[in-house]
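Trainee:
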Amino acid sequence: MLKEITTERAVFATKIGAVATTVGSAVGLGNIWRFPYEAGVHGGGAFMICYLSFVFILGVPLLIAEFVMGRGTRANVFGAYRKLRPASHWNLFGILGIIASLLIISFYAVVAGWTAEFCLASLSGQLEFASEEARHEGFMTFTSGSNSVVWTLIFLAFNFMILIGGVTKGIERASNILMPIFFLLLLAFCINSFFMPGFGEGMKYLFYPDFSKISPSVILGALGQAFFSLSLGLGCMMTYASYFSDKNRLGKTAVTTAFLDTLVAILAGIIIFPAVFSFNLSPEAGPTLVFEVLPHIFYQLPGGMIWSTLFFLLLFLASLTSTVSMSEISISYFSEEKGMSRSRATALSAFISLVGALLCAFSFGFLSEVTFFGKNFFNLFDYLSSNIALPLGGMGCSIFVGWFVKRKFIKDQLTDFGTFKFRLLNILIFFLRWFCPAAIFLIFLNSLGIL
Ligand code: PFF
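Note that our numbering has the sequence shown beginning at 34, numbered continuously upward.
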C-alpha cells in the first residue's frame, strides 16, 4: 500500500488504504485488553463517560492537529516541529513522543506475547480442558516464567521482520481482510453476551455513570486511555499522515478513526463485563482481567476451541499493526534526522524495544520486587507513557498548531488547497488554542491534588 513517489518518501497508494492503516494502528490491545481493565479498576460507568467525552472533545481535534502537521510537512515527528518552527525547542515534543513510543512497545509486546500463548494453548486444547483454577494458576505461572519472555521475543521478531522485510504491504492487505473478520467476531460475542445471566449487571456496571465515583485518578486514567487508544500524543498519527496523499480528507479520516476505534472498545466492554458478573469474577482484576475472562466465554460455547484460537490469532495480528505504527515513529526519526539507513534505524529501534520489553516481561518474574513509586517496570512504563507523556505531547501539539502554525497552512491541509470546504476551522482553532490545552492542564493539576 505504500507507493514510492519520490526517492525519499513513500505515500499510501489509496485513500481507503490510508484510513484502514490508521484505524489498524488505533485498534489493538488498547481496545480489547486495556480498555476493559482500566474501566474495571476505575468503576465502570464513571470511567466510561469521561473516556467517551475525551475521545470526542479532545481526541478528534488533536487527531486533526497531528494529521495537519504530518501531511503538511511530510516529515517524522521531530522533523515536523523543526520544519514548522526552526531553531526553537518545540521539537522536544518530538523527542518526548519517540521515548513514549519505545516505552509503549516495551509493555505492549509482553501482552501481545500473552495473546500468542493463548492462541497456541487454545489450538492444542490446553485451555479447553483446564479447570477454572488450573487456568488461573497456569496463567500466573506463565506470566512469571520464561515462556512469557519467549513469546514476547517472538512477537518482537515478527514486528522486526515486517518492518525490515518491507512486507508492510502484505500485512496491510492481510489486515484489510482480517480486521473486518475480527469486527464480525466481536459482534458475534456481543450477541452472545446478551444471553448471559450477568448481562444486565454487566451493562449497568459499564454504562451507568455513578458520578460519585468520578475521582482525579478516574479522570486521568480515562484521559490516558483515550490517548492510548487513538495512538495520540506521541506523533504516531503525525508520522502516518506524512505518508497520506493530498487527496485524503483529514477531518473525515479523524472522525472515522475515532468512531471505529471507540466502537471496538465498547464492543469489548459489552463482551467482557456481562461475563465478569455471570462467572462471579472481579472487574478489578487489572491487566490480567481479559485473559481470565475470555476463556470462560469461549468454552461455554460449542466449538470453543475454534472461537478461542481465532480470537487470539486476530488479536495478535491487531497488536502487530499497532506496534508497526509505533515503531515507525522512531525509525522515521533515526533515518530522517540521524541519517541512518532504514535497516539500521529499524535495528536500533528494535534493540531499544527489546531491552524495554525484557524489563517488562521480567516484572512478572524476578524483577517483580523492583518498583518505583509502587509500580514495577510494566506498570511504570504504562503509567508514564499513557497518563503523562501522551497527554503532555497532545497538549504541546495542540498549543503549537493552535498558536504557531499559520492559519492558511492549516486551512490548506484541511481543504486540499481549497478543493473542498472545511466549515469548522474557527471552532477547531479555538479548541486547539484554548480548550484542549486548558482541559489537559486542569486534569494534570487535578490529578496532582492541586485542584
Ligand atoms: N492505539 C493502540 C491500541 O489501542 O492498541 C496502541 C498504540 C498504537 C499506542 C500506536 C500508541 C501508538 F503510537
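Just so it is clear, CB atoms sit at the ideal spot from N, CA and C, and this is done for glycine as well. Treat the numbers as computed from the prediction; the structure is a model and nothing was measured.
With a threshold of 7 Å on Cβ separation, who are the neighbours of Phe-260 within its own chain once the five nearest residues in sequence on each side are excluded?
Mentor: Gly-266, Ser-419, Leu-423, Pro-424 and Gly-427
Trainee: Considering only DSSP beta bridges, list what Lys-408 is partnered with.
Mentor: Phe-405
Trainee: Compute the minimum distance between the beta carbon of Met-359 and the heavy atoms of ligand 1, and state whether it is under 6 Å.
Mentor: Yes - ligand 1 has a heavy atom lying nearer than 6 Å to the Cβ of Met-359.
Trainee: Does the beta-carbon of Val-309 have 16 or more other beta-carbons within 10 angstroms, so that it is buried, or is it exposed?
Mentor: buried
Trainee: For Pro-249, collect the residues of the same chain with a Cβ closer than 6 Å to its Cβ; drop the 5 residues on either side in sequence, then sort them by chain order.
Mentor: Asn-479 and Ser-480
Trainee: Where in the stretch 131-171 do unbroken runs of the alpha helix (DSSP H), each at least 4 residues long, occur, reported from the N-terminal end onward?
Mentor: 159-162
Trainee: Using only the alpha-carbon positions, how far apart do Leu-125 and Ala-59 sit?
Mentor: 24 Å
Trainee: What residues in its chain sit with their C-beta under 7 Å from that of Asn-64, if we drop five residues either side in the sequence?
Mentor: Ser-262, Asp-294, Val-297, Ala-298 and Ala-301
Trainee: Just to check, is the beta-carbon of Cys-430 closer than 6 Å to a non-hydrogen atom of ligand 1?
Mentor: no
Trainee: What residue range is occupied by the uninterrupted alpha helix (DSSP H) comprising Ile-187?
Mentor: Under the DSSP assignment, Ile-187 falls in the alpha helix (DSSP H) whose first and last residues are 179-197.
Trainee: Out of Phe-474, Ala-46, His-75 and Ser-275, which one is the CA nearest neighbour of Phe-240?
Mentor: His-75
Trainee: Mind reading off the beta-carbon distance from Leu-413 to Phe-405? Whole number of angstroms is fine, and I expect it under 8 Å.
Mentor: 5 Å
Trainee: Compare the beta carbon distance of Ala-133 and Phe-188 with 7 Å and say whether it is the shorter of the two.
Mentor: No, Cβ-Cβ distance for Ala-133 and Phe-188 is not below 7 Å.
Trainee: Of the choices Leu-343, Gly-429, Phe-411 and His-169, whose alpha-carbon is the least far from that of Leu-156?
Mentor: Leu-343
Trainee: Indicate the three-state DSSP secondary structure (helix, strand or coil) for Phe-397 in the structure shown.
Mentor: coil
Trainee: Using three-state DSSP, classify Trp-123 as helix, strand or coil.
Mentor: Annotated three-state conformation of Trp-123 is coil, per DSSP.
Trainee: Quick check: the Cα distance between Leu-458 and Lys-444, rounded to an integer number of angstroms?
Mentor: 7 Å
Trainee: The alpha helix (DSSP H) that contains Asn-64, what's its start and end?
Mentor: Looking at the DSSP string, Asn-64 is not in any alpha helix (DSSP H), and its letter there is neither H nor E.
Trainee: Going by beta carbon distance, what residues of the same chain come within less than 6 Å of Pro-320, once the five residues before and after it are set aside?
Mentor: Hits under 6 Å: Tyr-70.
Trainee: Is the stretch 324-341 touching the stretch 147-155 in the sense that three or more CB pairs, one from each, lie closer than 8 Å?
Mentor: yes
Trainee: Find the nearest neighbour of Gly-235 within the set Ser-360, Ser-311 and Ala-163, judged by alpha-carbon distance.
Mentor: Ser-311
Trainee: On the DSSP letters alone, give me the boundaries of the alpha helix (DSSP H) that Leu-347 sits inside.
Mentor: 337-370
Trainee: Closest by CA to Cys-430, which one among Phe-399, Ile-462, Gly-451 and Lys-408?
Mentor: Residue nearest to Cys-430 within the set Phe-399, Ile-462, Gly-451 and Lys-408 is Ile-462 (criterion: CA-CA distance).
Trainee: Report the three-state DSSP secondary structure of Tyr-273 (helix, strand or coil).
Mentor: Tyr-273: helix per DSSP, three-state reduction.
Trainee: One question on the structure: do Ile-304 and Phe-222 come within less than 7 Å of each other, judged by their Cβ atoms?
Mentor: yes
Trainee: Is there at least one non-hydrogen atom of ligand 1 closer than 6 Å to the beta-carbon of Ile-137?
Mentor: Proximity of the beta carbon of Ile-137 to ligand 1 is indicated: a heavy atom of the ligand is located closer than 6 Å.
Trainee: Pull up the distance between the alpha-carbon of Leu-284 and that of Ser-86, whole angstroms please.
Mentor: The residue you asked about is not Leu; residue 284 is Gly in the sequence shown. Each residue's Cα considered, the two are about 18 Å apart.
Trainee: Is it the case that the CB of Ser-177 approaches a heavy atom of ligand 1 more closely than 6 Å?
Mentor: no
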